[in-house]
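Written below as structure tokens is the structure these notes are about.
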Amino acid sequence: MGYETHVIDLSSALGGAVGTGMMREVAQYFKVNEQLSFKPSTEGEHVFLYLQKTGLNTEEVAKKLAMHAKVPRRAVSYAGMKDRHAVTKQWFSVHLPGKEGPDWHLLEEETLRIENITRHSKKLKRGSIKFNEFDIIITRLKGDSDQFLNRAEQIKETGVPNYFMEQRFGYLCQNIERVYRIFSRNEAIKNKKMKNLLLSSARSYLFNQVLNKRVADKNWDKALPGDVFMLNGTRQYFKEERISDLINKRLLEQDIHPTGPLFGVSSHASTKAVYELENQIFKEEKVFCDGLLKAKVGSARRSLRVVPEAFEFGFLSEDSLRLKFKLPSGSYATALIRELIKTNRLN
408 MGYETHVIDL SSALGGAVGT GMMREVAQYF KVNEQLSFKP STEGEHVFLY LQKTGLNTEE
468 VAKKLAMHAK VPRRAVSYAG MKDRHAVTKQ WFSVHLPGKE GPDWHLLEEE TLRIENITRH
528 SKKLKRGSIK FNEFDIIITR LKGDSDQFLN RAEQIKETGV PNYFMEQRFG YLCQNIERVY
588 RIFSRNEAIK NKKMKNLLLS SARSYLFNQV LNKRVADKNW DKALPGDVFM LNGTRQYFKE
648 ERISDLINKR LLEQDIHPTG PLFGVSSHAS TKAVYELENQ IFKEEKVFCD GLLKAKVGSA
708 RRSLRVVPEA FEFGFLSEDS LRLKFKLPSG SYATALIREL IKTNRLN
């Protein structure tokens, strides 16, 4: 079907990148600090470790922790996946009931460092992240410096489309192709971890298709009849019978955001024009929808817009730009960067 350019082909909200540059020239130029949505209690059966990793992916670290603690891999949990080609700080939990645990500092090496150790009564659940803090340096910039700064200011003020990016779909979006083949052949996915990964890719692809349509129609950040709105900084959403001046005011103030569908079996919240738009996409992508329904995946909503918090930017040299900002759990820094510069996908 040719899904390898899915992310590249997504519509830009702000008129396209204003220049080119290189991301992750070295790992230290892409830093991510994860902040949880709660504070560990310091007591309980689960050891919580805040680790800094470089050149390792999250799953590799989880396996290292399980091996070091002599526990099954399933005893180790984390809140979210983090990139390999970056310097990232994130939390892990290890279930060790009635045990002190090993000397965790023996794990430390050049690519892995222990930042904090504590305990909690429950394991770390996926998505338990308040925000991710990014510190990114873009190098080898080509373009007009004023345009870079003006676009960054525009992003700060308006936000960007909350697309799922290539990290969600695998290299060249291969997971979209894989799940399409499986669904079209009515095959079962036996491996639980792979099943969750592929089902997530299918839902994310459908969401992107809806958001892409609304970006192309220039209404991704505006209220349409039948829209469902999400409160900023939460996952709570609500419907309004009519688009009032108050709704438009709250949208402008970024207190609320329009949402798009994470497709599943339960009834869809949207109505009227938005329902028609979403349903048309679902008809066009019937293979994905039928597969998700057969897998009995539940439905949800996701904000169409993400606005960076604490956004700072400035030139370090004529051809390098530093960006610092916070994004909520589930949003991608690369969704912001694509509105500013075009980067080499291999980077």
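Just so you know, we're using our numbering here: the sequence shown kicks off at 408 and counts up by one.
Every residue gets a Cβ at the ideal spot worked out from N, C-alpha and C, and that includes glycine.
For clarity, every value in this text was computed on a predicted model and none was experimentally measured.
- Note on the region 440 to 471: there is no whole alpha helix (DSSP H) run with a minimum of 4 residues.
- When beta bridges are read from the DSSP output, GLY423 appears opposite no residue.
- Rounded to whole angstroms, ALA702 and PRO668 show a C-alpha spacing of 17 Å.
- Contact holds between the region 478 to 497 and the region 513 to 531, because three or more Cβ pairs, one in each stretch, are under 8 Å apart.
- Of the residues ASP490, PHE499, GLU691, LEU728, the one whose Cα lies closest to the Cα of LYS470 is PHE499.
- Here MET637 is buried. Its C-beta has 16 or more other C-beta atoms within 10 Å.
- With a threshold of 16 other beta carbon atoms within 10 Å, GLY409 falls short and is exposed.
- Under DSSP, the beta-bridge partners assigned to ALA707 are LEU669.
- In this structure, LEU519 lies away from LYS477, with their beta-carbon atoms at least 8 Å apart.
- The beta carbon of ALA680 lies closer than 7 Å to those of LEU631, PRO632, GLY633 in the same chain, with the five residues before and after it left out.
- Under the three-state reduction of DSSP, GLY534 is assigned to coil, being neither helix nor strand.
- By alpha-carbon distance to ILE663, the top candidate from LYS625, ARG709, SER607 is ARG709.
- The Cβ neighbour count for ILE688, taken over all protein chains shown within 10 Å, is at least 16; the residue is labelled buried.
- Shown here, ARG491 sits in coil according to DSSP, grouped into three states, outside any helix or strand.
- Burial state of ILE562 is buried, judged by a 10 Å Cβ sphere holding 16 or more other Cβ atoms.
- Counting only the Cα atoms, PHE571 lies some 19 Å from LYS600.
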